[in-house]
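**Q** Starting off with a structure, shown below.
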Amino acid sequence: MKPIERRGGLPDLSSIFLLSVARPSQMPPPGGPGIIGLAGRSNVGKSSLINRLAGAHRLARTGKRPGATTYPNLYRIQSGGYFLDFPGYGYMNRSQGTRQISQDVSTALVESREDLMAILLCVDIRRDLLPADQEAARWFLSRGLPVALVLTKLDTLSGNGRTAPIRGWKRWIEEENADGILGLFPVSARTGEGIPAVAELVEGFLSGSGVSDPEAIGEECPPV
Ligand SMILES: Nc1nc2c(ncn2[C@@H]2O[C@H](COP(=O)(O)OP(=O)(O)O)[C@@H](O)[C@H]2O)c(=O)[nH]1
Ligand SMILES: [Mg+2]
């Protein structure tokens, strides 16, 4: 794979939208470049994060309407790799049937794609630790997938307001004591704060180096 180029010191993750994946057979054949999954409740800022990482405004559709994304959306990172944006869990306004189908596709992809390298599990920094988020993290980990906890919308909280949620998640990571947890990544897609750490993480996985020292990543967190 050709090395990921850097723009002003940041990995260049420019991407194009490929397709909404209704069936696993629509995915690129296995054995190609790695895939980075994004998961989280709907409206948490997954699409905005992709846009920010890719350096594009309108690549992934963002909006306030929960559940607007039914199927996982696949983006190709030009320098090699993919973003796979899973539909938000916890949305209520889809028919049971559609919800079931889209979950089945997501589950099938998580269980079958060995080229899925890591999950960016997005959590709104203003929300408490919700059972759905904790269960999702455990589920990905149980399938051997490393999970980075991305705390989104960092700009909505001031320095002091950030302390409690970051502490809460740090405590949870300690209690969980799972090898695959890559650390906490507070970010704002709006201001770009925290984005370089996530871009470096993505680049690390796509260039095959993965993350050998999770402690090094933990230090990217603002001091609490
Ligand atoms: N303040 C703030 N709002 C954000 C941020 N990221 C996303 N949003 C807003 O949150 C809403 C949902 O974002 P979206 O990316 O569509 O979430 P998704 O459903 O997880 O893909 C939109 O109104 C975004 O403008 C952020 O970093 N800061
Ligand atoms: Mg979205």
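In the working numbering, the protein residues as written are 83 to 306. Each residue gets a CB set at the ideal place from its N, CA and C atoms; glycine is no exception. Because the structure is a prediction, the values reported are computed rather than measured.
Please state the DSSP three-state secondary structure of Pro-228.
**A** In the sequence shown, the residue the question calls residue 228 occupies position 146. Here Pro-228 sits in coil by DSSP.
**Q** Within its chain, find whatever has a CB closer than 8 Å to the CB of Leu-141; leave out the 5 residues flanking it on each side and keep chain order.
**A** Numbered from 1 along the sequence shown, position 59 holds the residue referred to as residue 141. Excluding residues within five positions, the ones whose Cβ falls inside 8 Å are Ser-97, Ile-98, Phe-99, Ile-132, Asn-133, Tyr-157.
**Q** Just to confirm before moving on: does the CB-CB distance between Tyr-323 and Ser-107 stay below 7 Å?
**A** This structure cannot speak to residue 323, because the chain is shown only from 83 to 306.
**Q** Quick check on Pro-268: does DSSP put it in helix, strand or coil?
**A** The residue given as residue 268 occupies position 186 in the sequence shown. Strand at Pro-268.
**Q** In chain order, what residues of the same chain have a beta carbon less than 6 Å from the beta carbon of Ser-188, not counting five sequence neighbours either side?
**A** The count along the sequence shown starts at 1 and reaches residue 188 at position 106. The residues are Pro-154, Phe-168.
**Q** In terms of alpha-carbon separation, which member of Ala-138, Val-205, Arg-195 lies closest to Gly-170?
**A** As a first step, residue 170 must be located in the sequence shown, where it is residue number 88. Considering only alpha carbons, the answer is Val-205.
**Q** Which one or two residues does DSSP pair with Asn-155 in a beta bridge?
**A** Within the sequence shown, the letter at position 73 stands for residue 155. Answer is Ser-102, Asp-167.
**Q** Nearest to Ile-277 by CA position, among Arg-143, Lys-235, Phe-222, Arg-105, is which residue?
**A** As a first step, residue 277 is located in the sequence shown; it is residue number 195 there, counting from the start. The shortest Cα separation from Ile-277 among Arg-143, Lys-235, Phe-222, Arg-105 belongs to Lys-235.
**Q** What is the DSSP secondary structure of Gly-243, counted as helix, strand or coil?
**A** In the sequence shown, the residue the question calls residue 243 occupies position 161. Gly-243: helix per DSSP, three-state reduction.
**Q** CB Leu-203 to CB Leu-231, shorter than 7 Å?
**A** Position 121 of the sequence shown, counting from 1, holds the residue named residue 203. Position 149 of the sequence shown, counting from 1, holds the residue named residue 231. Yes; because the gap between Cβ atoms is below 7 Å, this pair is in contact.
**Q** Cβ atoms of Ser-124 and Ala-271: under 7 Å apart, would you say?
**A** Locating residue 271 in the sequence shown gives position 189, counting from the first residue. Locating residue 124 in the sequence shown gives position 42, counting from the first residue. No. Outside cutoff.
**Q** Rounded to the nearest angstrom, how far is the Cβ of Gly-91 from that of Gly-163, given a contact under 8 Å?
**A** Within the sequence shown, residue 91 is the residue found at index 9, counting from 1. Within the sequence shown, residue 163 is the residue found at index 81, counting from 1. That pair is no contact at about 19 Å.
**Q** If you follow the beta strand (DSSP E) that Ile-117 is in, where does it begin and where does it stop?
**A** Within the sequence shown, numbered from 1, the residue matching residue 117 stands at position 35. Taken as a continuous stretch (DSSP letters only), the beta strand (DSSP E) holding Ile-117 covers 117-122.
**Q** For the candidate residues Ala-219, Leu-288, Ser-224, whose alpha-carbon lies nearest to that of Gly-265?
**A** By one-based count along the sequence shown, residue 265 stands at place 183. Ranking the options by Cα distance to Gly-265, first place goes to Ala-219.
**Q** Report the CB separation of Ala-64 from Leu-135 in whole angstroms; it is logged as a contact under 8 Å.
**A** No information on residue 64 is available, as it lies outside the stretch 83 to 306 that the chain covers here.
**Q** Rounding to the nearest angstrom, what Cα-Cα distance links Arg-208 and Asn-242 in this structure?
**A** Here residue 208 corresponds to residue number 126 of the sequence shown, with the count starting at 1. Here residue 242 corresponds to residue number 160 of the sequence shown, with the count starting at 1. When rounded, the distance between both Cα atoms is 12 Å.
**Q** What number of angstroms, rounded off, separates the C-alpha of Ser-224 from the C-alpha of Glu-257?
**A** Indexing the sequence shown from 1 puts residue 224 at position 142. Indexing the sequence shown from 1 puts residue 257 at position 175. One C-alpha to the other measures close to 16 Å.
**Q** Would you give the residue range spanned by the alpha helix (DSSP H) that Ala-279 belongs to?
**A** On the sequence shown, residue 279 is found 197 positions in, with the first residue counted as 1. Element bounds for Ala-279: 277-288.
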